[in-house]
Every structure is written in structure tokens, then in C-alpha cells.
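K.L.:
Note that the sequence shown covers residues 1 to 279 in the numbering used here.
All residues carry an ideal CB built from backbone N, CA and C; glycine is no exception.
Let me begin by handing over the structure; questions about it come next.
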Amino acid sequence: MSYTTIIHASSLTNDEEKQITGKISGELIQREGYYRLIHSGKVERAMLEQLRVQFDFDLNCLPESFNPEEVGLLITDMDSTLIAIECIDEIADMQGIKAEVSEITEAAMRGELDFAASLKKRVALLAGLPADQLQRVYDERLRLNPGADKMLAGLKQKGIKTALVSGGFTFFTNQLKGEIGLDYTLANTLEIENGKLTGRVSGDIVGAEAKAALLQSLCKELGITTNQVIAMGDGANDLLMLEKAGLSVAYHAKPAVREATSVAFDHSGLEGVCHLLQL
Numbered sequence: 001m002s003y004t005t006i007i008h009a010s011s012l013t014n015d016e017e018k019q020i021t022g023k024i025s026g027e028l029i030q031r032e033g034y035y036r037l038i039h040s041g042k043v044e045r046a047m048l049e050q051l052r053v054q055f056d057f058d059l060n061c062l063p064e065s066f067n068p069e070e071v072g073l074l075i076t077d078m079d080s081t082l083i084a085i086e087c088i089d090e091i092a093d094m095q096g097i098k099a100e101v102s103e104i105t106e107a108a109m110r111g112e113l114d115f116a117a118s119l120k121k122r123v124a125l126l127a128g129l130p131a132d133q134l135q136r137v138y139d140e141r142l143r144l145n146p147g148a149d150k151m152l153a154g155l156k157q158k159g160i161k162t163a164l165v166s167g168g169f170t171f172f173t174n175q176l177k178g179e180i181g182l183d184y185t186l187a188n189t190l191e192i193e194n195g196k197l198t199g200r201v202s203g204d205i206v207g208a209e210a211k212a213a214l215l216q217s218l219c220k221e222l223g224i225t226t227n228q229v230i231a232m233g234d235g236a237n238d239l240l241m242l243e244k245a246g247l248s249v250a251y252h253a254k255p256a257v258r259e260a261t262s263v264a265f266d267h268s269g270l271e272g273v274c275h276l277l278q279l
């Protein structure tokens, strides 16, 4: 049985090559922007963590069940994963309460608070904010995380469908879907009356269960198994979705998420997904 460890570095010094292959004996193959290390034994996660810290780049051993040629779907969280901000925190900044809302967001993402309850609490603090401030957040503050364009181009090249599922808001997911060409989106809807936020969410809350359910329903729709899915996220409300996927990716994630996933990006941008797909 052979294993593949992806080294997310565009180049390695002779010393780095020597140290890595000294600990993980195998065939080192340089690709565009990364390396593949083919080896016979499974690599302990603790060793990869040690090398990750030592060299300031990511190393990820792919699960033996993962076949990059069979991937049919990538499903990803939005805030702090596909994009560089937490939208609700930036909306709160328009209301002058970013610090208060950010503190709740951080606790929820660490899994210290019930997600649905924390979302309702945060949204309630936004009551009375003019709805046009949402567009201001989108235009002025929302940015894709580094490597997103390369990742999306690679997924399209491989014919892999894309889904954006968020505990955030449809105002942002719908615009992103059109702008960057995503296939599916699911998020919460902010209630608006007379041009202002009411402080409530319309309909059921999109939380951990809804994210996992979307993954499973899309597998049925696309005629694929969960083993053919890459799921990516950073917070506690992504855990159920990540557990369902054939390959789970922790993107600059909270500790509980890193511990639960197949691979982790601590240094890499989203282009790291292309490395996992061996593009």
C-alpha cells in the first residue's frame, strides 16, 4: 500500500528535502507549486505537525481511500474559509458594535456556544440597520481568500461541482454565486422591513445539521458517494459536514476542527485544494 503526502511548497532547499525524506522515506516528485512524496508507510499526524511548524509550510498525508480522479463535489464554508471576513462582524461594524458581535462569533466558532442561539443573539443586535449597508460590506470589505481563483479554475477544469454553504447570509452567498460561478449555495436570510434589518432571520437556521444535510442531498442529486466529496471549513458548525466527506479540509481553522479533519491548511491558501487534487 502506497501513500501520498502533499508538500505545499513551490520549492524546497536541499536541506529541507533531506530532512523531510529522512523522516518520511519515499519518492519526491516536484509539481507546479507543490511536491508529492510517495511512500509505503502511513505517516503519523504528529510528525507532520512537527515538520509543519519547523518549515512554515503545510504537509498533508492523503487518506488511502481518497482518489482525486473521482472527486465530484467541493462543498465549502463561506466566512473565513472561501472569503477573508466574517460578514456578520463587518455588518455589526456598520452599527458600531463589531467588538461585541465578534466576541460572540469567535466563541460560536470554537464550539463554546450553541450556533443557532448565538446567531439569533448577534442578528438581534443588528435591528434597525439600513439594509443598504449590506451592499457596502460586500463592495468594500468582502474579499476572496488567497488562492480562491486558482482553486475555482482547477475545479472547473476537472468538472467538479461547487457548493457554498454558510451560517451567514444569502445576501452574500447569492452574489458570490453569480460573480464567481458557484453551482449551489445555502445560507440564512436576513429579514428586512421598510429598508431596515428587523433583527431576525427568516426561516430555519442554517447550522451544522443543515450543512451536513446539503452535502448528502447533493451527493444524491449528482449520483456520487460521500467519498467523492471534499468539504472545507474552519469552525465548529462545519464539523458535521466535514465528518461526512471523503476528504475534509481544515482551513486556518479552530483547534477542534483541525483535530477532526483529514488535512489542514495552516500556511497554504485555497490553491492548496489544487495540490490535493494533484493538478
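Quick check on Ala210 - is its C-beta less than 8 angstroms from some C-beta in chain B?
P.N.:
The structure shown contains no chain B; it holds only a single protein chain.
K.L.:
Just the C-alpha distance for Met109 and Leu152, rounded to the nearest angstrom, thanks.
P.N.:
Answer to the nearest angstrom: the Cα atoms are 25 angstroms apart.
K.L.:
Provide the residue span of the beta strand (DSSP E) that contains Lys161, from first to last.
P.N.:
Lys161 to Phe169 is the span of the beta strand (DSSP E), which, as asked, contains Lys161.
K.L.:
With a threshold of 7 angstroms on Cβ separation, who are the neighbours of Glu64 within its own chain once the five nearest residues in sequence on each side are excluded?
P.N.:
Same-chain partners within the cutoff: Met1 and Tyr3.
K.L.:
What residue range is occupied by the uninterrupted alpha helix (DSSP H) comprising Glu16?
P.N.:
Where Glu16 is concerned, the enclosing alpha helix (DSSP H) stretches over Asn14 to Lys23.
K.L.:
Below 8 angstroms CB to CB, which residues in the same chain sit around Val206 once its five sequence neighbours on both sides are set aside?
P.N.:
Val165, Ser166, Gly167, Leu186, Ala187 and Asn188, listed in sequence order.
K.L.:
Short of 6 angstroms in beta carbon distance, which residues of its chain neighbour Arg200, apart from the five on each side in sequence? Order them along the chain.
P.N.:
So the qualifying residues of the chain are Glu191.
K.L.:
Just reading off the beta strand (DSSP E) that Arg45 is part of, what are its end residues?
P.N.:
Not the beta strand (DSSP E): Arg45 falls in the alpha helix (DSSP H), residues Arg45 to Phe55.
K.L.:
Which parts of the stretch 50-91 are runs of the beta strand (DSSP E), unbroken and 3 residues or longer, counting only runs that do not cross its ends?
P.N.:
The qualifying runs are 58-61 and 73-76.
K.L.:
Can you round the beta-carbon distance between Tyr184 and Ala163 to whole angstroms, since I take them to be within the 8 angstroms contact cut?
P.N.:
Yes, they are in contact, since the Cβ atoms of Tyr184 and Ala163 sit about 4 angstroms apart, within 8 angstroms.
K.L.:
Only counting the same chain, and skipping five residues up and downstream in sequence, which positions put a Cβ closer than 7 angstroms to that of Gln175?
P.N.:
Cβ neighbours of Gln175 beyond the five flanking positions: Tyr138.
K.L.:
Count the C-beta pairs between the stretch 62-76 and the stretch 114-131 that are closer than 8 angstroms, then say yes if the count reaches three, no if not.
P.N.:
Segments in contact, no.
K.L.:
What's the call for Gly235, buried or exposed, on a 16-neighbour Cβ count within 10 Å?
P.N.:
Result: buried.
K.L.:
Please return the same chain residues whose Cβ sits closer than 8 angstroms to the Cβ of Lys121, not counting the five positions on each side in sequence.
P.N.:
Result list for Lys121: Ile104, in chain order.
K.L.:
Taking all protein chains shown into account, do 16 or more other C-beta atoms lie within 10 angstroms of the C-beta of Asp77, making it buried, or fewer, making it exposed?
P.N.:
It counts as buried.
K.L.:
According to DSSP, Leu281 sits in a beta bridge with which residue or residues?
P.N.:
Outside the shown range of the chain (1 to 279) lies residue 281, about which nothing can therefore be said.
K.L.:
Could you tell me the alpha carbon to alpha carbon distance between Leu218 and Arg36, rounded to whole angstroms?
P.N.:
Leu218 and Arg36: Cα-Cα distance of roughly 30 angstroms.
K.L.:
Thinking C-alpha only, which one of Asp15, Leu240 and Leu48 is nearest Ile7?
P.N.:
With distances taken between Cα atoms, Ile7 lies closest to Leu48.
K.L.:
Look up Ser248 in the DSSP assignment and say whether it is helix, strand or coil.
P.N.:
In the structure shown, Ser248 sits in a strand (DSSP, three-state: E or B).
K.L.:
If you draw a straight line from the C-alpha of Ala260 to the C-alpha of Asn237, how long is it?
P.N.:
Near 12 angstroms, if we compare the C-alpha coordinates of Asn237 and Ala260.
K.L.:
Where does Val206 sit, in a helix, a strand or coil, going by DSSP?
P.N.:
Reduced to three states, the DSSP call for Val206 is coil.
K.L.:
Ignore the nearest five residues each way along the sequence and tell me which others in Arg258's own chain have a CB closer than 6 angstroms to its CB.
P.N.:
The answer, listed in chain order, is Ala250 and Ala264.
K.L.:
Could you pull the start and end residues of the beta strand (DSSP E) that Met151 belongs to?
P.N.:
Run containing Met151: none in the beta strand (DSSP E); it sits in the alpha helix (DSSP H), Ala148 to Lys158.
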